[in-house]
Amino acid sequence: DSGVTQTPKHLITATGQRVTLRCSPRSGDLSVYWYQQSLDQGLQFLIQYYNGEERAKGNILERFSAQQFPDLHSELNLSSLELGDSALYFCASSADRGNTDTQYFGPGTRLTVL
Amino acid sequence: AQKITQTQPGMFVQEKEAVTLDCTYDTSDPSYGLFWYKQPSSGEMIFLIYQGSYDQQNATEGRYSLNFQKARKSANLVISASQLGDSAMYFCAMREWDNAGNMLTFGGGTRLMVKP
Chain X
1 DSGVTQTPKH
11 LITATGQRVT
21 LRCSPRSGDL
31 SVYWYQQSLD
41 QGLQFLIQYY
51 NGEERAKGNI
61 LERFSAQQFP
71 DLHSELNLSS
81 LELGDSALYF
91 CASSADRGNT
101 DTQYFGPGTR
111 LTVL
Chain P
115 AQKITQTQPG
125 MFVQEKEAVT
135 LDCTYDTSDP
145 SYGLFWYKQP
155 SSGEMIFLIY
165 QGSYDQQNAT
175 EGRYSLNFQK
185 ARKSANLVIS
195 ASQLGDSAMY
205 FCAMREWDNA
215 GNMLTFGGGT
225 RLMVKP
């Protein structure tokens with residue numbers, strides 16, 4: 001158990017809908033990262049938050065947005081869903097201190113868009 | 115160009131044998147970190163081992179070791195005494211310190227299958 005929790009574990013929805021994925025980081029970790037794993041794109045970085053502020057953005061679509069709350073949990077919002085958004089979405093967290101900083105991943109949320 | 119390349123899509127190894135999973139990387143940043151993660155069929159990503167670009171010695175964690183060859187830009191994972199539970203996808207990843215954030219760039223992965 002990495003200490004990172006994600007809910008829900010599975011999500012099935014229809015095209016055009018909006019969903020929210022939730023992540024709680026490990027105790028003491030200030031950074032939260034979101035990654036998408038799909039068959040065609042592999043594992044891709046979406047966005048990073050550090051202590052409530054957006055720090056870095058990757059290949060995140062405009063239909064997607066995220067935030068990190070004062071208690072450090074984070075939510076990833078996916079809207080106007082398309083079939084191609086079906087993927088495994090991971091949240092990871094790290095203390096973000098020094099060169100040896102390691103990201104620990106949650107169990108993932110498997111999103112299926114029908 | 116691919117930043118992380120894993121050239122072996124799939125590999126078989128006999129139980130109790132050692133196996134090497136290849137990873138090459140491409141960066142112009144002198145300061146970077148290399149990571150290996152394991153993804154079993156259940157889907158979670160499990161951190162295995164880390165190597166920093168300035169580390170003088172190869173990293174080791176139990177049965178896992180990292181064969182770091184900086185001049186060749188390779189960071190191969192060696193698993194000794196393979197066990198059936200080692201069957202999984204393995205991903206090599208890199209973090210470059212030039213980036214504003216600490217995001218990881220992943221390779222395409224290698225599926226390891228351990229034969230009894």
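Respectively, the protein sequence lines represent chains X and P.
Residue numbers for the first sequence follow this note's numbering, beginning at 1 and rising by one.
Residue numbers for the second sequence follow this note's numbering, beginning at 115 and rising by one.
All residues carry an ideal CB built from backbone N, CA and C; glycine is no exception.
DSSP-derived helix/strand/coil call for residue i
| i | result |
| --- | --- |
| G84(X) | helix |
| L198(P) | helix |
| N77(X) | strand |
| K117(P) | coil |
| V4(X) | coil |
| R225(P) | strand |
| M203(P) | strand |
| M208(P) | strand |
| R115(X) | No statement about residue 115(X) is possible, as the shown extent of chain X runs from 1 to 114 and does not include it. |
Heavy atom of the ligand FAD within 7 Å of residue i beta-carbon
| i | result |
| --- | --- |
| E158(P) | For the ligand FAD, the structure offers nothing, since it holds no ligand at all. |
Within 8 Å, strictly: CB atoms of residue i and residue j
| i | j | result |
| --- | --- | --- |
| K117(P) | T219(P) | yes |
| R110(X) | L88(X) | yes |
| R26(X) | G52(X) | no |
| G42(X) | G222(P) | yes |
| G108(X) | E158(P) | yes |
| R177(P) | S194(P) | yes |
| C23(X) | S74(X) | yes |
| A207(P) | Y151(P) | yes |
| D136(P) | Q153(P) | no |
| L72(X) | L30(X) | yes |
| R97(X) | S80(X) | no |
Exposure of residue i, with buried meaning 16 or more beta-carbon neighbours within 10 Å
| i | result |
| --- | --- |
| K229(P) | exposed |
| R209(P) | buried |
| S156(P) | exposed |
| S227(P) | Note on residue identity: the sequence assigns Met, not Ser, to residue 227(P). Exposed, since its Cβ has fewer than 16 Cβ neighbours within 10 Å. |
| D85(X) | buried |
| N77(X) | exposed |
| Y146(P) | buried |
| T15(X) | exposed |
| K9(X) | exposed |
| T7(X) | exposed |
| L39(X) | exposed |
| I163(P) | buried |
| S179(P) | buried |
Short CB-CB distance (under 8 Å) between residue i and chain X
| i | result |
| --- | --- |
| F126(P) | no |
| F182(P) | no |
| E210(P) | no |
| L218(P) | yes |
Residue i at chain P interface by Cβ criterion, 8 Å
| i | result |
| --- | --- |
| P153(X) | The structure shown does not extend to residue 153(X), since chain X is modelled only from 1 through 114, so no value can be given for it. |
| T102(X) | yes |
- Task: Would you list, in sequence order, the uninterrupted beta strand (DSSP E) runs of no fewer than 3 residues that lie entirely inside the region 120 to 194 of chain P?
- Result: Uninterrupted beta strand (DSSP E) stretches at least 3 residues long and entirely within the region 120 to 194 of chain P occur at 124 to 128, 133 to 135, 146 to 153, 160 to 166, 178 to 183, 188 to 193, given in chain order.
- Start-end ranges of the beta strand (DSSP E) lying completely within the region 11 to 68 of chain X, minimum 3 residues: List check, beta strand (DSSP E) in window: 19 to 24, 31 to 38, 42 to 50, 53 to 57, 64 to 68.
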